[in-house]
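Those protein sequences? They're chains A and B, same order as listed.
Counting from 15, one number per residue, gives the positions in the first sequence under my numbering.
Counting from 198, one number per residue, gives the positions in the second sequence under my numbering.
C-beta: ideal position from N, C-alpha, C; glycine also.
Below: one structure, written as structure tokens.
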Amino acid sequence: MAHLALVKNLAQLKQEQSYVDEVVLESAGLSLARGSLTEVVGGPSTGKASLALSLLAKLTAEGEICAAVDAGHGFDPVTAKLAGVEVNNLLWVRCGRDVEKTFMAADHLVQAKGFGCIWMDLGGLPENKLRMVPRSYWFRYRTRIKETPTLMLVTSRSPLTGSASQRSYELTRERAAWSGSGNFKLLHQFELKMLSRKGVFGPPMRVRAEMDYSEI
Amino acid sequence: MSKLFACLVSDVDRGALVSAARNFSHAIQTIEDGVLFDVSGLGRLIGRPETVTKKIVAELRRNNIHASVAVADTVDTAMLLARRCGAPRVSKGVSETSPFITVVQPEIFSQLPLRDLDIDNDTLDVFTDLGLKRVEDLLTVPREELIGRYGQEFVNVIDTIEQRGASFVVANIKENHASWSFDLDQPVENFEQLIFVLNHGLERLLKHIAQCGHSIEHLDLDFGLRNKTQKAYEIKTSFPTLDRNFWLKLINLRAALDPPESEIVTVNVTAHFTRPRPAQRGLYAVSRPEPESLLLTVNKLKKLVGQENVGIPVLLDQRMVEAFGLDADGIPDGRESRVISDGNQTKNHPVSPDQKHRDCHPSFVRRGAFVIGFSYYRPPISAEVLVRDKRLVYLKCRQFAGHILNFSGVWKGNAKWWDEPWKTLEWDIEVENAGIYRLCKVRDEWFLIGEYD
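Here is the structure:
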């Protein structure tokens, strides 16, 4: 009977199954793999930051430490808090619109290992400068975070990561819904389309992003 | 394991005795005429009790301390022997290793007079009448007879003479810091040249702290500079550690952020003790960087992008635009909370460990929609806005132009609205073929301050 000790009991298996190496974002119907690089691209007001904040909210609420590499100094902690981000678990790195510092900062973070998510927000940087960044940077990040629990999310106006990213999504805004009428309107929600450019192919997913006017 | 205690009795300053005792033990008790310390376990490090005694004597001699030294198996024996020196000498068993230091050998314990013991005068008189003057005389009397005659209170005296005393050292000297200093032969301009010296100093310091059973999370670094000034660094971590390489890297990063103004002449490092870190983590602990790694990374980032640009976000209790800041001293702490979906409200609450697995997963996470995020433009984008009948109609800026399809506002903001006029006038606008932006008007000038994303 001694060999039966090698068989894991059911409770233990259930416990292990609940710690999968994927992060599921139910609100978007997304499953993002840890230890990989995910890219989200889209024009202005297409919900890139909303998706990133949703991911940060999920991870930081569970006690994971995440980092936001804020290339253009545009991060807004107020909406982050409204989205559910536990700001005490978030390391905020402002890179002052400097491309080189942005990528070096991300490099330091991936080397630290153990961050739940590293969000590289490249929205505030000029596209021509971003295109001059060697692709080897992205492969370096991919290699560094491989087999670590870190999920690296890159948001930008146009695709940058090439084949270094495991998943790539393109967001477009179908329409912005406003409530009220006349001079008394309020931004209510974005209706978005999310197209997978890599890995999983199919019709675009429809996602909503809502405005939150509640007090913090 | 047998215990071993040392006692130093002297008229000199107690601080000097404590300083000498610290070389052998961290359990030190000051008594009215000297110090008592526990030297148990020094067998492997130094040798037999006689060798320990020699080492103590050597230490006293090195510091020119006049004292009487005794090492014995019990506290009471060590104290009695050391104090014997002040009284008329017992010729045998007492040796003077120098004009100032007297070593009392444990073998003479049996020859100690009974008056040195804690016995009242009446009983002593009776013993004297009976011819019992020394410890060895009293040892000849059966234990039961003494207890039967003088009661249970006499057991302590009997235990003392039989060297079975149960007294122990009550450490009343608590160290809370340790220091190391070094005078450089030549002034050093580049801090990195000091790394070798600091490495050596930290090694000694941390070894000493480890021997004391402590750890550190606070280090004070003082550099004496050539221009006769001091440069001080206070380095704190959120966790105790004795990792020398970690401290060295942290010192290097801190000095790189704020280098000394002049060449360094002296180095002084003070480590403040704290309790060691309990190293226990959950089997299914969530992903967090190691504390050392996180702190080093934060300091590397500060060196890269500036000290004020790395930290944790802080929300300010103000009704202002950008009512937030960055706490550059803050480090993410891995606090757990659960996200509760309540209509449009999402709030975080601390969570107890047993609630964690039940609550933090999908059922509590906001379903069906994200919260719209916002990104600021740095600097704000200057724009021209056409207003017709108090309605925003058209926007033109360097990047794009288009009709304003929808807008909301005006939103007025000021933290002291009762005293001052509104500081900000803002609108949320949707621009045709562009995005949804926040528009701000400042003294007849229009700016796009950010976009909803």
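Shown in chain order are the members of the stretch 199-226 of chain A whose Cβ falls below 9 Å from a Cβ of chain B: 199, 200, 201, 203, 204, 206, 221, 222, 223, 224, 225, 226.
Along the stretch 158-170 of chain A, the positions whose C-beta sits under 7 Å from a C-beta of chain B are 163, read in chain order. By the C-beta density criterion, residue 409 of chain B is exposed, having fewer than 16 other C-beta atoms within 10 angstroms. Taking 7 Å as the threshold, the shortest C-beta distance from residue 529 of chain B to chain A falls below it.
Among the residues of chain A, those whose CB is under 7 Å from the CB of residue 494 of chain B are 122, 123, 126, following chain order. Looking from the CA of residue 398 of chain B, the closest CA among B:411, B:416, B:383, B:387 belongs to B:416.
Setting aside the 5 residues that flank it on each side, residue 405 of chain B is surrounded in the same chain by 375, each with a C-beta closer than 6 Å to its C-beta; the list follows chain order. Judged by DSSP secondary structure, residue 396 of chain B falls within the alpha helix (DSSP H) whose first and last residues are 392-409. Look at residue 151 of chain A here: in three-state DSSP terms it is helix.
For the stretch 106-140 of chain A, the continuous alpha helix (DSSP H) assignments of 4+ residues that do not extend past its boundaries occur at 113-126, in sequence order. Residue 103 of chain A and residue 533 of chain B have their C-alpha atoms spaced approximately 9 Å apart.
Only buried fits residue 281 of chain B, as 16 or more other CB atoms lie within 10 angstroms of its CB.
In terms of Cβ geometry, residue 358 of chain B and residue 335 of chain B form a close pair [threshold 7 Å].
Interface flag for residue 129 of chain A against chain B is set, since a Cβ pair is found closer than 7 Å. Taking a 10 Å sphere around the C-beta of residue 433 of chain B, we find fewer than 16 other C-beta atoms and assign the residue as exposed. The stretch 205-215 of chain B makes no contact with the stretch 340-356 of chain B; the number of CB pairs closer than 8 Å stays below 3. Taking a beta-carbon distance threshold of 7 Å, residue 196 of chain A does not count as an interface residue toward chain B. By the criterion of at least three beta-carbon pairs nearer than 8 Å, the stretch 231-251 of chain B is not in contact with the stretch 387-394 of chain B. For residue 591 of chain B, not one C-beta of chain A is nearer than 7 Å to its own C-beta. Counting only runs of 3+ residues, the beta strand (DSSP E) found wholly inside the stretch 422-457 of chain B occupies 427-433, in chain order. Among the residues facing chain A, residue 575 of chain B is included, as its CB has a counterpart in that chain under 7 Å away.
Short of 6 Å from the beta carbon of residue 463 of chain B, and not among the five residues preceding or following it, lie these beta carbons of its own chain, in chain order: 380, 421. For the stretch 176-194 of chain A, the set of positions with a beta-carbon nearer than 7 Å to some beta-carbon of chain B reads 190, 192 in chain order. Straight-line spacing of the CA atoms in residue 378 of chain B and residue 466 of chain B works out to 6 Å. In the displayed model, residue 370 of chain B falls within coil according to three-state DSSP, outside both helix and strand.
By the neighbour-count criterion, in which a residue is buried when 16 or more other Cβ atoms sit within 10 angstroms of its Cβ, residue 596 of chain B is exposed. By the neighbour-count criterion, in which a residue is buried when 16 or more other Cβ atoms sit within 10 angstroms of its Cβ, residue 157 of chain A is exposed. Residue environment for residue 497 of chain B: buried (at least 16 other C-beta atoms within 10 angstroms of its C-beta). Residue environment analysis places residue 475 of chain B among the exposed positions, since fewer than 16 neighbouring C-beta atoms fall within 10 angstroms of its C-beta.
With respect to the 7 Å criterion, residue 235 of chain B and residue 202 of chain B are classified as neighbours on the basis of their beta carbons. Residue 404 of chain B does not reach chain A, its nearest Cβ partner there being about 28 Å away, counting only Cβ pairs nearer than 8 Å. Residue 349 of chain B and residue 407 of chain B have their C-alpha atoms spaced approximately 43 Å apart. In terms of beta-carbon proximity, residue 132 of chain A stays away from the interface with chain B, with every pair separated by 7 Å or more. In summary, residue 261 of chain B is exposed, with fewer than 16 beta-carbon neighbours lying within 10 Å of its beta-carbon over all protein chains present.
Ranked by how close their Cα comes to the Cα of residue 43 of chain A, the residues A:95, A:144, A:214 have A:214 in first place. An exposed status is given to residue 584 of chain B, since fewer than 16 other beta-carbon atoms sit within 10 Å of its beta-carbon.
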